[in-house]
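What follows is a set of notes on a single structure, which appears directly below.
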Amino acid sequence: MTLTTEQKNDFLARGFSRRSFGRLATIFAAGSSLPFYNEFAFAQVAIDNRKLPPGAVKIDNNENPLGPCNESLEAMRAILPQGGRYMFYLPGELSELLGSQEGVSQKYVQVHDGSSAPLLQAVLSFTSPTKPFVIADPGYEAGSEAAKFIGAKVIQVPLTKDYAHDVRKMAAVENAGLIYICNPNNPTGTLTKKEDIEWLVANKPAGSVVMIDEAYIHFAGKDEHTSMKLVAQDKDVIILRTFSKLYGMAGLRAGVAIGRPDLIKKTRGFGINWNPVTSVTGAMAALKAKEVIPQRQKINAEIRDSTIAFLEKKGFKVIPSVSNKFMVDTRRPTREARAALQKDLIYVGRPWPSMPTWIRVSVGTKEEMEKFQAAFVKSFA
Ligand SMILES: Cc1ncc(COP(=O)(O)O)c(C=O)c1O
């Protein structure tokens, strides 16, 4: 593909050389087929991507075992026979609905097939060899892979002792291109106070953009903890939301980037796929179903907290979580610990190098967590 003059000027202003134009054009054109893409790609690195054996307990990718809510299922079933139509107006309806619920204009909401695409495109758009990508450690590292791919430096800032983002250290990174905050954080399941995020936005280097990934915010209390106010105030902020987690639609693909129109334009890269009518329709039905968030938040919290209480009673250290996953110290190297659990068909998350003996456990059904507990005690107690 050919770069426009505007694109070339943007790359030069970010510190890329003219020599890199060919490579950049290829990267941007590849869009969602990029090799470093998402949780799935990481899972491929950490475990193989074969279909898991029958009876496997799959608590490795922070999926929702409940799947889509009934309202979404009904709406998607009803729209299926019309699947021969593009229905170009549908994503606009989703933007309007989500925008009105969150107090921002429809123009601020860009619909994507999940939130991985806008995350990766923002890294490609706002970082460069002279504008680093700033992320917590441990953090959701998809963006780091994209940054490395285009030659941008990745600055990892350790979480504080309470497992929050260290906003002061993150704001101090000179000439940051994109500062990525995951709230609640993946893998730790911990919150960063919205006052601290506001401080970061007020004190970040001029010209840098703050991305706040709220993939898991529905589990923690969306209205209390969201940073949406910063978007409404037209700050240099992009918020990501996804329907993959609480709404149980990971395989169906729907997500949004929310921010000033000039910023969310950058999450589209060089174009965007038409959104599937099924997932957009399912997403709208989920947003209209008022009970879905409180019901699922409660189910998740009860199963999570009883599992954590069990592990703590057995003497294991667990990081307190407000999300649909938590980390526990197995006191064995993570790879070994995962292999031990896999013998009992329990599949947990990939390793994080800065937490070499911890595993990340996604919250499954009650029955799945009982199997996990039994296998855990057998291997590590
Ligand atoms: C923090 C975070 N952001 C984004 C994503 C991407 O999710 P999706 O592309 O399914 O919206 C994930 C997936 O696990 C995630 O953990």
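Mapping the sequence shown onto our numbering, position 240 (from 1) lands on 231, and the numbers just tick up by one.
Beta carbons are placed, not taken as given, at the ideal position from N, Cα and C, and that holds for glycine.
1. In angstroms, rounded to a whole number, what distance separates the CA positions of D1 and S11?
2. Quick one, which of K256, K236, L302, G239 has its alpha-carbon nearest D227's?
3. Is any non-hydrogen atom of ligand 1 found closer than 6 Å to the C-beta of D51, if you look at the structure I gave you?
4. With a threshold of 16 other CB atoms inside 10 Å of the CB of S24, please say whether the residue is buried or exposed.
5. Among I337, R287, V354, A223, which one has its Cα closest to the Cα of S91?
6. Would DSSP call H209 helix, strand or coil?
7. Just to confirm before moving on: does the CB-CB distance between L85 and V283 stay below 7 Å?
8. Compare the C-alpha of V164 against each of G262, K316, T258, T121 and name the closest.
9. Taking only three categories from DSSP, how would you classify P82?
10. Given this structure, state the Cα-to-Cα distance separating M346 from G142, to the nearest angstrom.
11. Per DSSP, which residues does W349 bridge with? Please list them.
12. Less than 6 Å between the CB of D128 and some heavy atom of ligand 1, yes or no?
13. From R329 to Y338, what does the alpha carbon distance come to, in whole angstroms?
14. Less than 8 Å between the CB atoms is what I'm expecting for N174 and E136, so what's the real figure, rounded?
15. Go ahead and label N264 buried or exposed: buried means 16 or more other beta carbons lie within 10 angstroms of its beta carbon, across all protein chains shown.
16. Between G134 and Y171, how many whole angstroms is the CB-CB distance? I'm expecting something under 8 Å.
17. For the alpha helix (DSSP H) that contains R329, what are its first and last residues?
18. Thinking C-alpha only, which one of M161, Y131, Q97, T183 is nearest A390?
19. Give the C-beta separation of A113 and T348 to the nearest angstrom, bearing in mind that I take them to be a contact with Cβ-Cβ under 8 Å.
20. Would the C-beta of Y131 count as close to ligand 1, meaning under 6 Å from any of its heavy atoms?
21. Looking only at C-alpha atoms, which of E132, V48, V201 sits nearest to Q364?
22. Given L254, which residues of its chain have a CB within under 6 Å of its CB, disregarding the five upstream and five downstream residues?
23. If I follow the unbroken alpha helix (DSSP H) through I50, where does it start and stop?
24. Helix, strand or coil for I146? Go by DSSP, reduced to three states.
25. Buried or exposed: which applies to G246, given that a residue is buried once 16 or more other Cβ atoms fall within 10 Å of its Cβ?
26. Per DSSP, what kind of secondary structure is G58 in: helix, strand or coil?
27. Measuring only from the beta carbon, is C60 closer than 6 Å to any heavy atom that is part of ligand 1?
28. For A241, which residues in the same chain have their Cβ closer than 6 Å to its Cβ, ignoring the five residues on either side in sequence?
29. Tell me the DSSP secondary structure of Q224 in three-state form.
30. In this structure, does DSSP put R232 in helix, strand or coil?
31. State the start and end residues of the unbroken beta strand (DSSP E) segment that holds G273.
32. Taking only heavy atoms of ligand 3 into account, decide whether any of them is closer than 6 Å to the Cβ of G105.
33. Between which two residues does the beta strand (DSSP E) holding A248 run?
34. DSSP three-state call for K256: helix, strand or coil?
35. By Cβ distance below 8 Å, which residues in the same chain neighbour S106 in space, the five residues on each side in sequence not counted?
Considering the structure as presented:
1. 13 Å
2. K256
3. no
4. With a pLDDT of only 49 at S24, under the threshold of 50, the placement of this residue in the model should not be trusted; the figure read from the coordinates follows. Answer is exposed; the Cβ neighbour count stays below 16.
5. A223
6. helix
7. no
8. T121
9. helix
10. 26 Å
11. D320
12. no
13. 7 Å
14. Actually they do not touch by this definition, with Cβ atoms about 20 Å apart.
15. exposed
16. 5 Å
17. 325 to 334
18. This structure does not reach residue 390, given that the chain is present from -8 up to 372, and the question cannot be answered.
19. The Cβ separation is near 33 Å, so there is no contact.
20. yes
21. V48
22. I229
23. From DSSP, I50 is part of no alpha helix (DSSP H) but of the beta strand (DSSP E) over 48 to 50.
24. strand
25. buried
26. coil
27. no
28. E54, S235
29. coil
30. strand
31. Note, G273: premise wrong, no beta strand (DSSP E); alpha helix (DSSP H) at 268 to 279.
32. Although ligand 3 was asked about, the structure shown includes only ligand 1 as ligands.
33. 246 to 250
34. helix
35. D204, A206, L231, R232, T233, S235, G246, V247, A248
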